[in-house]
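Structure first, then comments.
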Amino acid sequence: MEKFQQFLEKVLGPVMRVLGANRYLLAVRDGVVGALPLIIVGSFFMILANPPLPSDWGIYQWLVANAAVILLPYRMTMYIMALYAVFGMGHSLAKSFDLDALSGGVISVMAFLLTIQPVNIPVEAAEAAGISGFVLPMASLGSAGLFVGIVVTFFAVNVYRFTQKSKFKITMPDAVPPAVAKSFEALTPTLIVMLVIGAITYWLGFNWNGAVTAVISPLVYATDSIPGVLVITFLYGFFWFFGIHGASIVGSVARPLWLALLEANATAAANGVAGTELPSIAAEPFFQWFVFIGGAGCTIGLGIMLVTVCKSKYAKDLGRIAFLPCIFNINEPLIFGTPIMLNLTLAIPFVITPMVLGVFAYIVTSVGLVNHVTVTAPWTLPGPIGAFLATGGDWRGAVLCVVCILISLVIYYPFVKIWDRQYLDQESDDAEGAVEAA
């Protein structure tokens, strides 16, 4: 087993580290994470528009009657998340190439908007609504357009990079302020991107969203399934086993898919679909509150074991330090303190527990015992509270989270006892050695 661990570390470790440092994956991660505050805050208006209150209460009736207005902040934030994420991706990718990050973000947003075909509203309808003849379909600015945004961001920033490296740009005298000079340097890539993307969209009539949707639909479908849940949860733990941040690798790839699933649920909920009948199950909040409770590996179970059943001094001391952060889903002290990496005794439950919980929670949700997730609750909330909010105020979500924690305790228990006994034996040997030396 030791040779097997060394083989995996030698062969797969470098590959995984390269993927973890890939500038394009990091740009996608930075862009989506940058938009996360808007997604979190915006999604809470979903709860206000669909309050978890008795229907005969006056406040409930007032909120439902004014749902269209209450949902406007949601429609200006989470509903058009791709617009914000694209700027963040372009900013991050340009910065990684030592380009002007602001210009990279602006050019990326321009490229993204040029992939959208405005809808021509008839004159009579436009005048009645008090709008101009052309409008942008907002759905194209949301999760449905996120993958298009990723593609054109990569193209736009690389055009910008090419013009900078080849000197195919407008160069201003040294006396010109740097901010003004950078704006003029961005003129050439802006023109190239505008002509290329605009020609493809408006002259060739290419449907960017339709083409990308046709490509990623199988991926989205696969993600929202038990096999998809198993693959994602396994890879999280597998990467951590080698000391590689699983969320950085898997999350960079899966998060756009998760956002598409979450947006589908949020849109359906805003249109009055019941929480148990929403189209998607395995969006990111599903993993956050029912699978990775306490952090990757569902280490809330491990943390509880350390402070309740462990007898070795090391385990108890670690538990006192790491348990409180774990309640708020910060589990690095546990992962590095135990440690999980290259430690089969704890790595086995670390990998298996989320896989079991993922299947269990998926089945429970799919049969209608718990509302599907619609809200991205702040990730630092304790599990049951986050689950309650993520499921739109469904108390059964909090109960499911508690049940998942109990299951994690059962799975971790025998492995933690073995691990704790190893430290007990070691501490006993050290104490005997100290007595003999004295």
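Quick note: our numbering has the sequence shown finishing at residue 1202, numbered continuously throughout.
Ideal placement from N, C-alpha and C gives every residue a C-beta, glycine not left out.
Query, Result
"Buried or exposed for D820, please, with buried defined as at least 16 other CB atoms from any protein chain shown within 10 angstroms of its CB.", "exposed"
"Taking only the alpha-carbon atoms, compute the straight-line gap between I934 and L951 and give it to the nearest angstrom.", "7 angstroms"
"Quick check on the DSSP output: the alpha helix (DSSP H) that includes Q1052 runs from which residue to which?", "1048-1054"
"Who are the Cβ neighbours of A1011 in its own chain at under 8 angstroms, not counting the five residues just before and after it?", "Y1000, A1060"
"Under 7 angstroms Cβ to Cβ from A963, same chain only, skipping five residues before and after it: list those, please.", "none"
"Reducing DSSP to helix, strand and coil, say where F1092 ends up.", "coil"
"When you compare each of A1079, V916, V1134, G1147 to E1191 by their alpha carbons, which one comes out closest?", "A1079"
"Thinking C-beta only, is S807 closer than 8 angstroms to T1140?", "yes"
"Give the single residue among R787, Y838, P815, V805 whose Cα lies nearest to the Cα of T1031.", "Y838"
"As an exercise, report each continuous beta strand (DSSP E) stretch of at least 3 residues that is fully enclosed by the region 945-1006, in chain order.", "none"
"Quick check: the region 1080-1100 against the region 1118-1135, are at least 3 beta-carbon pairs closer than 8 angstroms?", "no"
"Distance check for I1057 and K1075, CA to CA, integer angstroms please.", "24 angstroms"
"Helix, strand or coil: how does DSSP classify F898 here?", "strand"
"Buried or exposed for V883, please, with buried defined as at least 16 other CB atoms from any protein chain shown within 10 angstroms of its CB.", "exposed"
"Leaving out five residues on either side along the sequence, give the residues of the same chain with a beta carbon under 7 angstroms from the beta carbon of M716.", "With the chain running from 765 to 1202 in the structure shown, residue 716 is simply not present."
"Mind checking whether I961 and A875 have CB atoms under 8 angstroms apart?", "yes"
"Give the single residue among E1027, N786, N971 whose Cα lies nearest to the Cα of F861.", "N786"
"Under the rule that 16 or more other beta-carbon atoms within 10 Å means buried, what is D1184, buried or exposed?", "buried"
"Does the distance from the C-beta atom of V912 to that of W972 stay below 8 angstroms?", "yes"
"Which residue from G1150, T1102, A1111, S1130 puts its Cα closest to that of Y1187?", "T1102"
"Quick check: what's the CA-CA separation for M765 versus N1107?", "In this prediction, M765 scores a pLDDT of 48, lower than 50, which makes its location untrustworthy; the coordinate-derived value is nonetheless stated afterwards. Each residue's alpha carbon lies about 11 angstroms from the other."
"In whole angstroms, give me the CA-to-CA distance for N830 and I1116.", "46 angstroms"
"In chain order, which beta strand (DSSP E) runs of at least 3 residues are fully inside the region 1133-1187?", "none"
"Whole angstroms is fine: what's the gap from F1050's alpha carbon to I1149's?", "13 angstroms"
"Using the rule of at least 16 other Cβ atoms within 10 Å of the residue's Cβ for burial, across every protein chain shown, is L1088 buried or exposed?", "exposed"
"Tell me the rounded alpha-carbon separation between Y1177 and I1112.", "12 angstroms"
"Buried or exposed for L1021, please, with buried defined as at least 16 other CB atoms from any protein chain shown within 10 angstroms of its CB.", "buried"
"In or out: F809 buried (at least 16 other Cβ within 10 Å) or exposed?", "buried"
"Which of helix, strand or coil does DSSP assign to V883?", "strand"
"If you check the beta carbons only, do V1071 and T997 fall under 8 angstroms apart?", "no"
"Can you grab the Cα-Cα spacing for the pair A1038 / L1133, in whole Å?", "12 angstroms"
"Would you mind stating whether A975 and L910 have Cβ atoms separated by less than 8 angstroms?", "no"
"Please say whether W1004 and I914 have beta carbons closer to each other than 8 angstroms?", "no"
"Pick helix, strand or coil for N1035, following the three-state DSSP scheme.", "coil"
"Should T1144 go down as buried or exposed, given a rule of 16 or more other Cβ atoms within 10 Å for buried?", "exposed"
"Would you identify the three-state DSSP class for N1107, choosing helix, strand or coil?", "coil"
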